[in-house]
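Residue numbers (this note's numbering), protein chains in the order written: chain A, 348 to 471; chain B, 47 to 376.
Even for Gly, the Cβ is constructed at its ideal location relative to N, Cα and C.
Bear in mind the structure is a predicted one, so any value in this text is a computation, not a measurement.
Each remark here refers to the structure printed beneath this line.
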Ligand SMILES: [Fe+2]
Ligand SMILES: [Fe+2]
């Protein structure tokens, strides 16, 4: 049956409610890109999400529409998702010892204790 | 807009849901969620968790797309240039929300083409409210205010769920929804404080939308073991009734404040219990509409089909033949 709508434009399109048009074949929506946005000069680009696009130029265009509708942006990067190399969450133990390496932290160096002890010894 | 928890809760399946999962992996998974950690795409997850998530996120994405249709038809007829600009921006936001949600669902292994096909074939659901028409400008104002308000209640709750990509998408979405709500409220207030004809128009629209709004949060949940698991896995973040209560508590006073009425003589706050009392909407109507017999189901899907069909030559022209699809990272 032809769709009758309150919207005259839809009625004029004479859409058949039984039609099977519009079926997508696999991957008709292009490659996946990851999007990085810089909101201000001097700050890091931040990952904000992903999108599908046929090429990097279109990806930039879509990224602007999709991720820069509010607030400030000064720069965008898009990267093919397939070009991003990632660690596995299963391997998260490779980061485990980082926090134990106290000698990397400024707080690990307490020279005042030693200086004061030294002064106390000089002038008892 | 519009995440709606139409999760099937079939208690009889509950044993098979967990029975063939690796008990050690399952315990680690549940401990992670209990500790407030998020699950990420490549993590191990129970099959039922993946299935329900895909269904939820996909439905939510479809709701954003289909939800933009009844409002979209009002862009050319919105009164005044500023309202046209604002409505266009809102509709663009909604379509953008769908893109974010589809990306999140893709991380679980369902391709976007599959989701779109399931939508236009009628296999996937979307929020029931969008199967109703918006016959006047006031209807579009009520949608933007109250349907978006309902959606925000839902989305805020879900943004505290357990799946990382869905939470991240919802955080972006919620930030944008606050403009929709303000814009909708502004339109309703303008009509409600306007001429007697404008007032009547918004009053009529409110009466038309009340039942769909009460339906919006879904039928009262029967507590089952299944829904208990979904709560434990932080897929379901609150019962349908508790979301409905939150909505009523926030918005009924604002509606009454404008001197507008609602078509339910039993609607009132029980001062003792703190809960809102109301007449149950007709859930038979809800079932009819969700199963395809609402006033606009056919039109919505036909319009969506047309969009894919008419966009095909553009997609073909742009297609990069050597391109390889991969699912999004996060
Ligand atoms: Fe939305
Ligand atoms: Fe919205």
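| Query | Result |
| --- | --- |
| Since residue 399 of chain A sits in a beta bridge, which residues does DSSP pair it with? | A:379 |
| Taking a Cβ distance cut-off of 7 Å, strictly less, list which residues of the stretch 140-163 of chain B are near chain A, in chain order. | 142, 145, 146, 149, 157, 158, 159, 162 and 163 |
| Got a sec: is the Cβ-Cβ distance from residue 408 of chain A to anything in chain B below 8 Å? | no |
| Would you call the stretch 380-392 of chain A in contact with the stretch 196-205 of chain B, where contact means no fewer than 3 C-beta pairs closer than 8 Å? | no |
| Alpha carbon to alpha carbon, how far is residue 298 of chain B from residue 212 of chain B? Give it in angstroms, no decimals. | 30 Å |
| Assuming residue 463 of chain A is part of the alpha helix (DSSP H), what are its boundary residues? | 458-469 |
| Decide if residue 432 of chain A is buried, meaning its Cβ has at least 16 other Cβ atoms within 10 Å, or exposed. | exposed |
| Using a Cβ-Cβ distance cut-off of 8 Å, determine whether residue 429 of chain A contacts chain B. | yes |
| Shorter than 7 Å, the distance from the beta carbon of residue 226 of chain B to the closest heavy atom of ligand 2, or not? | yes |
| With DSSP run on the structure shown, which of helix, strand or coil describes residue 248 of chain B? | helix |
| What does residue 208 of chain B touch in chain A if you count any residue whose Cβ is under 8 Å from its own? | Those do not exist, as residue 208 of chain B stays about 15 Å from chain A at its closest Cβ, beyond 8 Å. |
| If I follow the unbroken alpha helix (DSSP H) through residue 147 of chain B, where does it start and stop? | 127-152 |
| Quick check: the Cα distance between residue 145 of chain B and residue 96 of chain B, rounded to an integer number of angstroms? | 19 Å |
| Could you check what DSSP says for residue 359 of chain B in three-state terms: helix, strand or coil? | helix |
| Measuring only between beta-carbons, confirm whether residue 384 of chain A sits less than 8 Å from chain B. | no |
| Is it right to say residue 448 of chain A is buried, meaning 16 or more other beta carbons lie within 10 angstroms of its own, or is it exposed? | exposed |
| Since I believe residue 377 of chain A is in contact with residue 425 of chain A (beta carbons under 8 Å), could you give me their beta-carbon distance rounded to a whole number of angstroms? | With 8 Å as the limit, residue 425 of chain A and residue 377 of chain A do not qualify as a contact, their Cβ atoms being about 12 Å apart. |
| Look at the Cβ atom of residue 223 of chain B, then the Cβ atom of residue 201 of chain B, and state whether they are nearer than 8 Å. | yes |
| Please tell me whether, using a cut-off of 7 Å, the distance from the CB of residue 140 of chain B to the nearest non-hydrogen atom of ligand 2 is below it. | yes |
| For residue 142 of chain B, which of A:358, A:429, A:455 and A:410 has the nearest alpha-carbon? | A:410 |
| For residue 364 of chain A, which residues in chain B fall below 7 Å Cβ to Cβ? | 344 and 348 |
| By DSSP, does residue 363 of chain A sit in helix, in strand, or in coil? | strand |
| Residues of chain A with a CB under 9 Å from the CB of residue 186 of chain B: which are they? | In chain order: nothing, as chain A lies at least about 12 Å away. |
| Taking the alpha-carbon positions, what's the residue 337 of chain B to residue 329 of chain B distance? | 12 Å |
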